[in-house]
Amino acid sequence: MKFADLEVHPDLIRATTDMGFEDLTPIQEQCLTPALAGRDIAGIAQTGTGKTVAFLLPILHRILSEEAQGPAALIVTPTRELCLQIAEEAHKLTAHRELAVCAVYGGEQYRRQEEELAKNPAIIVATPGRLIDYMKQRKVETGRLRFLVLDEADRMFDMGFIRDVRYIMRHVPDDAQCMLFSATLSYYVLRLASDFMKDPHEVRIESESVAVDKIEQSLLHLGRDERDAYLVNTLLNTEGIRAIVFTNYRQQVQRLERLLQRYGIAATGISSLLDQKKRIRLLKGFKTGSYSVLVATDVASRGLDVEDVSHVFNYDLPQDGESYVHRIGRTARAGRSGVSMSFCSESDYENLPRIHRYINQKIPVAEPILEYLKMPQGQFEAFRDRDERKDQEEMQETNEATTTEPGAERPRRSRSRRRRRSPDNTRPPGAENEQAADEVSEKPEGENQARGEGEPRRRRRRRRRRDSGNNQEGNQRESKPRPRDDADREDDERPMTVRERDRAAVLSGSRSNNEPARDSSAGPGEGRRRRPRRRRRGGGGGADRESRPERNQSNGQGRSRNRNQRSRSERTTRTEKKSGLLSKIKSFFSRS
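In this note's numbering, each residue's number is its place in the sequence shown (first place is 1) plus 1.
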């Protein structure tokens, strides 16, 4: 059946003709008739079978024929790449009729998408996360929706969007037409279809595991160091090649991209390391022909629809058969032929049995070309991305504009607005600066410039040394012996104990250590007396408190210095007491 035989809007027929569509694919033949009649659709089909046109044509036909007000259709996809791809197909189909299509996905400007939603577009293509954000803010009118499409529902469930999908479907009117498409028929897909769809029309298309027979497959047993040379030689010696190189590691994407560009191959790479805007730009460049080779991880293995891909290279074998089928399914699309070449190194042998079981056949083993096992020799003009070159030129111009010339005046340093303390209170505030400026101006120019950077720091160091010296002198002044008070005079007048008398005798040398001590009970005034109350450290009395050094709360070194000064003062006081006591003892023995 052909597109020209369909009973759809004439503008859609013209658009399909411009896009080069003539014959319907199997899924389009089975979906278009019941979908145009308004029935729900549950389709089991892989990507690349034409299901995007299968659900867009009925939706656009009814919107254009009935002139429904937007938003009339909501299409939910698991990834941003697939969201942009469906939006691009919708724009192509509405090329002869103005119809607003809005793509809503994460990683893009929030305000711009909000402004587009405010215009009530006819079709909204969105990912679950960003769509629910707008729904909770009531930026999306779901009450007028007439069509709901879930594309690659199984992948949305694998990515953890089960609750998000159910939340979206609960806010869609009950009379809206639902269409669900999935690559596999899992439990969650069947449960969702039974909960939210009314007697859906089931469509089953053969999977890509059977369609791989149309792809020329080959398996090459190469060492890990031989893969680079074989890939470069194959790309250089194949004319008109448009290839996708798949690898399992994100770091390999950048390395392979630079390797291929070094040999003049127009290559680019996409992975999750790149931001969303750059990935979209690079994918667009590969689709339009700016690049002939795309290096990618499995991010691009599903939902990527690129025309005229002639070769697919598996630089690393995937870990399961399903990923292998999705990778090689990027070629031989829409009835075209394709070539798949897989490199198997010593670390990939364990993945081969799983792939063979999934595709129900063994990948044919090919003999490698010996000349391709070495890197090509000769001069090669390296490929440079035009956008990257433009960015580098703009960055270089910016650097040249900001660089100062040798004779140009140096930019002035920003001075702190905090008022600096003058070392001498008698000096005017600007006198020190004027003196420093005169000293600098008298020296050679080179020395002034070399010293100008560190001059404020030196001044701060000198100021700290001067302040610390002043504090030390002040502490020394404050550490002088305190004046004698009434408590000291009372201690001098009271009679001495036996222990104090013996100790004083030993200090004076009038009695040796071997001389027996006097009886502690002899004499009324020589008996034991109660030990005097121990004085508080640092002395008492108002005069002593006034002479006590102040503690520096902001400097730990100052506090330790003050403690040393106090202990020195106490030792001086005790020495004076001992000397006074010694004189009393001598006078006592001289009288006796």
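Glycine included, each C-beta is placed from N, C-alpha and C at the ideal position.
Spatial distance of residue i from residue j (CA atoms)
i	j	result
PRO27	LEU261	39 Å
LEU94	ALA74	15 Å
ILE45	GLU382	47 Å
VAL150	ARG228	42 Å
ARG243	LEU237	12 Å
ILE42	HIS62	16 Å
ARG546	LEU583	At ARG546, the pLDDT of 46 sits below 50, so the modelled position is not reliable and the matter cannot be decided from this model.
VAL246	ILE364	18 Å
SER183	PHE197	16 Å
THR53	GLN378	46 Å
ASN249	ASP317	6 Å
LEU100	ARG358	47 Å
SER343	TYR135	44 Å
GLU30	PRO369	43 Å
PRO59	GLY290	31 Å
ALA230	ARG192	50 Å
ALA506	ILE586	8 Å
ALA194	ARG145	22 Å
ALA119	ILE356	48 Å
GLU292	VAL310	Looking at the sequence shown, residue 292 is not Glu but Tyr. Computed Cα separation, rounded: 12 Å.
ASP19	LYS288	18 Å
SER346	LEU223	5 Å
THR50	LYS137	35 Å
ILE87	ASP349	35 Å
MET376	TYR264	10 Å
LEU85	VAL190	24 Å
PRO174	LYS3	34 Å
ALA38	ARG113	36 Å
ARG592	THR574	28 Å
Exposure label - residue i; buried when at least 16 CB within 10 Å
i	result
LEU266	Rather than Leu, the amino acid found at residue 266 in this sequence is Ile. The residue is buried, with at least 16 neighbouring Cβ atoms inside 10 Å.
ASP176	exposed
PRO11	exposed
ARG328	buried
MET180	buried
ARG81	buried
GLU308	exposed
PHE162	buried
VAL102	buried
DSSP state of residue i mapped onto helix, strand, coil
i	result
HIS357	helix
GLU217	strand
ASP24	strand
LYS3	strand
VAL366	strand
VAL254	helix
PHE381	coil
GLY581	helix
ILE87	helix
VAL9	coil
LEU275	coil
HIS97	coil
ILE266	coil
ILE123	A small correction: the amino acid at residue 123 is Ala; Ile does not occupy that position in the sequence shown. In this structure, ALA123 counts as coil in the three-state DSSP scheme.
LEU223	coil
VAL307	coil
ILE245	strand
Beta-carbon spacing of residue i, residue j below 9 Å
i	j	result
VAL126	ALA154	no
ASP306	SER324	no
ASP159	ILE133	no
GLU115	GLN277	no
ALA55	ALA36	yes
THR128	THR78	yes
LEU283	LEU295	yes
VAL366	LEU232	no
ALA69	ALA123	yes
SER338	GLU258	no
GLY322	THR48	no
ARG98	LEU65	yes
* To do: Please list the segments of the beta strand (DSSP E) lying wholly inside the stretch 309–353, counting only runs of 3 or more residues, in order along the chain.
  => 312–315, 339–345
* Inside the stretch 182–207 only - alpha helix (DSSP H) runs reaching at least 4 residues -> 188–197
* At 3 residues or longer, and completely inside the stretch 130–187: list those beta strand (DSSP E) runs for me, N to C. => 148–151, 178–183
* In chain order, which continuous runs of the beta strand (DSSP E) of length 3 or greater are located wholly inside the stretch 31–91? -> 42–45, 74–77
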